[in-house]
Amino acid sequence: MTDLHDRWRHNWQDCPPIAHDLKHSHPDRWVRFHSLPESKRYPGDEAEYATVLHRYNTVLDELFAGEDVLVITPDWSDDATPEPRPADHERWHPGAEYWTHVSPEHPDFVSYVHLYVSQLPWRRGALDELLHAVADDETAGVMITSLSMDRIHHPYDGGADVLLPTTAARDALKARHPDWLSTHPGGL
Numbered sequence: 001m002t003d004l005h006d007r008w009r010h011n012w013q014d015c016p017p018i019a020h021d022l023k024h025s026h027p028d029r030w031v032r033f034h035s036l037p038e039s040k041r042y043p044g045d046e047a048e049y050a051t052v053l054h055r056y057n058t059v060l061d062e063l064f065a066g067e068d069v070l071v072i073t074p075d076w077s078d079d080a081t082p083e084p085r086p087a088d089h090e091r092w093h094p095g096a097e098y099w100t101h102v103s104p105e106h107p108d109f110v111s112y113v114h115l116y117v118s119q120l121p122w123r124r125g126a127l128d129e130l131l132h133a134v135a136d137d138e139t140a141g142v143m144i145t146s147l148s149m150d151r152i153h154h155p156y157d158g159g160a161d162v163l164l165p166t167t168a169a170r171d172a173l174k175a176r177h178p179d180w181l182s183t184h185p186g187g188l
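With UniProt numbering applied, the sequence shown corresponds to residues 1 to 188, in that order.
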């Protein structure tokens with residue numbers, strides 16, 4: 001797993017592998033896509049779930065078609081030693097192995113983010129159960145990355161943050177899906 005740390009540091013320098021921090025440390029390589037029209041956060045029916053999964057999978061196909069990916073999911077605890085994973089996390093991310101933990105600095109409490117990783121060949125629909133759980137805010141902090149970790153898809157409840165190796169690559173992806181972008185001036 002040392003190699004994963006090296007790959008992470010090579011691409012993301014001092015930013016820890018915490019998905020929601022990446023947009024702040026690398027805004028020139030980041031774009032956010034919303035999952036539903038008019039920036040609606042949560043799907044309300046099966047048609048909206050289909051739209052959410054379509055948007056997630058479309059971008060994932062553009063990033064990773066024909067490649068293996070790393071799937072990284074977190075669990076949280078108040079101890080540096082990971083506890084057994086909850087059954088639903090095992091179901092959403094089967095075969096995941098413990099990678100590392102991060103302890104985000106917080107003035108009021110100590111917590112640990114335990115990261116689990118697996119490698120699989122990307123194919124559309126392969127992660128739909130996990131993506132559905134993300135869309136329902138049943139889990140968070142998921143990252144789907146290239147093996148080199150230079151491309152990251154971070155789905156969240158309401159959309160996906162995507163980080164790419166260059167600003168030009170980010171701009172090209174952004175231009176392919178203008179209707180999925182936020183109207184917020186900061187792209188949020």
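All C-beta atoms in this analysis are idealised placements derived from N, C-alpha and C, irrespective of residue type, glycine included.
No experiment lies behind these values; they were computed from the predicted model shown.
Item                                                                                                                                                                        : Value
In three-state DSSP terms, what is R32?                                                                                                                                     : strand
Is it buried or exposed for V162, if we count other Cβ within 10 angstroms and need 16 for buried?                                                                          : buried
Just to confirm the assignment, what range does the alpha helix (DSSP H) spanning V52 have?                                                                                 : E46 to F64
Report buried or exposed for T167, applying the criterion of at least 16 other Cβ atoms within 10 angstroms of its Cβ.                                                      : exposed
With a 10 Å radius around its C-beta and 16 neighbouring C-beta atoms as the bar for buried, classify P17 as buried or exposed.                                             : buried
Kindly identify the DSSP beta-bridge partner or partners of H154.                                                                                                           : D161
What ranges does the alpha helix (DSSP H) occupy inside the region 67-149, keeping only unbroken runs of at least 4 residues that lie completely in it?                     : 87-92 and 128-135
Give me, in chain order, the residues of the same chain whose beta-carbon lies closer than 6 Å to that of L60; leave out the 5 immediate sequence neighbours on both sides. : H153
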